[in-house]
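> I have a structure I would like to understand better, so I am pasting it below and will then ask my questions one at a time.
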Amino acid sequence: MSVLNHNRLKNRQGKSGTIMWLSGWSMADTVFDRLCALLPDFHHVSVNYSTANSPESMLLLTETAARNLLSSDESDCRTSANRGPLLIGGWSLGGLLALRLAAKGLADGLVLFAATAQFTRSKEENDRGWTNAYVRQMMKGLSKDRHAVETSFRQLLFTETERESDLEKNLPTIGSWTTPALIAGLQILQSEECLSQLPLIECPVLIVHGTEDKICPYGAALEMLTLLPQAELMTISRCGHVPFMGREDQISEELRKWWHEQQETYNPQSI
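Shown next, in the form of structure tokens:
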């Protein structure tokens, strides 16, 4: 861990820290509500990019939010130092955005749900992502029938067993993002590449990934585990693209345990 991150962990006391939540493509941030409720020992902030009108706008929203939370300006309650270390929790697209922020030194820790360091891949790398052609097809479809595109996407989120358990009913309703935001999110998935930056990300990272993920395949998690200096992988067997849903009790306990271990390692007197 860099001196900067070490000092941030050491100096920020009080609660366990702040978790800044970044949701997946087309999903409202309410998808994290149950996790937040089970983690009352953290402050919780989410970044709403559901109305972003361009990739640049979406990237700026997340970066500005992280910089504000890391600021020591106590005149703003959102950025007060007593908010503790900054964890960024990202799901899918949100995980890619979280990696980008960590590469800029804007995180004290990451929790990545069904994430990837590079979404679009060659056909030979289909064990780690989707081809660019598939993403282009989704973008084209949005202009014709966005509801159909979102519906088709949601059908890929869960395994057959998970669907039989009716997990899908826990998802936010379709239509919470504007069409420009949906396009912007896909453009980021097309172009953003954090693979080359992974060895430079010094903060601790908890990767939570399902073995049957059809959107960000499990191979993407193994790739991140190999390249990130301080990563741990929590594998969820027989699980699709929403590894926290229906497992919030287990995930919240594992997240808390993992984060306390990180704090104890770098700041033993704060525990």
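Numbering (my numbering) for the sequence shown: 17 to 287. All C-beta atoms, glycine included, are put in the ideal place defined by N, C-alpha and C.
1) What are the partner residues of residue 104, as DSSP defines its beta bridges?
2) Identify which residue in 145, 40, 259 and 207 has its Cα closest to the Cα of residue 232.
3) Taking the alpha-carbon positions, what's the residue 213 to residue 160 distance?
4) Below 6 Å CB to CB, which residues in the same chain sit around residue 112 once its five sequence neighbours on both sides are set aside?
5) Between which two residues does the beta strand (DSSP E) containing residue 257 stretch?
6) Which value, in whole angstroms, describes the spacing of the CA atoms of residue 128 and residue 196?
7) Excluding the five sequence neighbours on either side, which residues of its own chain have a C-beta within less than 8 Å of the C-beta of residue 174, listed in chain order?
8) Decide if the region 66-75 is in contact with the region 218-226; the criterion is three or more beta carbon pairs, one per stretch, under 8 Å apart.
9) In angstroms, rounded to a whole number, what distance separates the CA positions of residue 194 and residue 65?
10) Using the Cβ count rule (16 or more neighbours within 10 Å means buried), how would you classify residue 191?
11) What does residue 59 pair with, by DSSP beta-bridge criteria?
12) Quick one, are the C-beta atoms of residue 229 and residue 130 less than 8 Å apart?
13) Does residue 86 come within less than 8 Å of chain B when only Cβ atoms are used?
14) How would you write the range of the alpha helix (DSSP H) that residue 235 sits in, first residue to last?
15) For residue 180, count neighbouring Cβ atoms within 10 angstroms of its own Cβ and tell me buried if that reaches 16, exposed if not.
16) For residue 56, is the classification buried or exposed, using 16 other Cβ atoms within 10 angstroms of its Cβ as the cut-off for buried?
17) Would you call the CB atoms of residue 135 and residue 42 closer than 8 Å?
18) Let me know if residue 143 comes out buried or exposed under the rule of 16 or more other beta-carbons within 10 Å of its beta-carbon.
On the basis of the coordinates in this document:
1) Numbered from its first residue, the sequence shown carries residue 104 at position 88. BP columns for residue 104 point to 36 and 126.
2) In the sequence shown, the residue the question calls residue 232 occupies position 216. Ranked by Cα distance from residue 232, the options 145, 40, 259 and 207 are led by 145.
3) Residue mapping note: residue 213 aligns to position 197 of the sequence shown, counting from 1. Residue mapping note: residue 160 aligns to position 144 of the sequence shown, counting from 1. The alpha-carbon atoms of residue 213 and residue 160 are separated by roughly 36 Å.
4) The sequence position of residue 112 within the sequence shown is 96, counting from 1. 208, listed in sequence order.
5) Here the question's residue 257 lines up with position 241 in the sequence shown. Where residue 257 is concerned, there is no enclosing beta strand (DSSP E), given that its DSSP letter is neither H nor E.
6) Mapped onto the sequence shown, residue 128 falls at position 112. Mapped onto the sequence shown, residue 196 falls at position 180. For residue 128 and residue 196, the distance between alpha carbons rounds to 25 Å.
7) Within the sequence shown, the letter at position 158 stands for residue 174. Correct list, in chain order: 183, 184, 256, 257 and 258.
8) no
9) The count along the sequence shown starts at 1 and reaches residue 194 at position 178. The count along the sequence shown starts at 1 and reaches residue 65 at position 49. Those two C-alpha atoms are separated by around 10 Å.
10) In the sequence shown, counting from the first residue as 1, residue 191 sits at position 175. Exposed is the call here.
11) Within the sequence shown, numbered from 1, the residue matching residue 59 stands at position 43. Residue 59 pairs with 34.
12) For this step, residue 229 is matched to residue 213 along the sequence shown. For this step, residue 130 is matched to residue 114 along the sequence shown. Residue 130 is positioned such that its CB atom lies closer than 8 Å to that of residue 229.
13) As a matter of chain content, chain B is missing from the structure shown, which is built from one protein chain.
14) Sequence index remark: in the sequence shown, residue 235 carries index 219 (1-based). Start and end: 234-243.
15) As a first step, residue 180 is located in the sequence shown; it is residue number 164 there, counting from the start. Looking at its Cβ environment, which holds fewer than 16 other Cβ atoms inside 10 Å, residue 180 is exposed.
16) Taking the sequence shown and counting its residues from 1, one reaches residue 56 at position 40. So residue 56 counts as exposed.
17) In the sequence shown, counting from the first residue as 1, residue 135 sits at position 119. In the sequence shown, counting from the first residue as 1, residue 42 sits at position 26. Not a contact, by the Cβ cut-off of 8 Å.
18) Position 127 of the sequence shown, counting from 1, holds the residue named residue 143. It counts as exposed.
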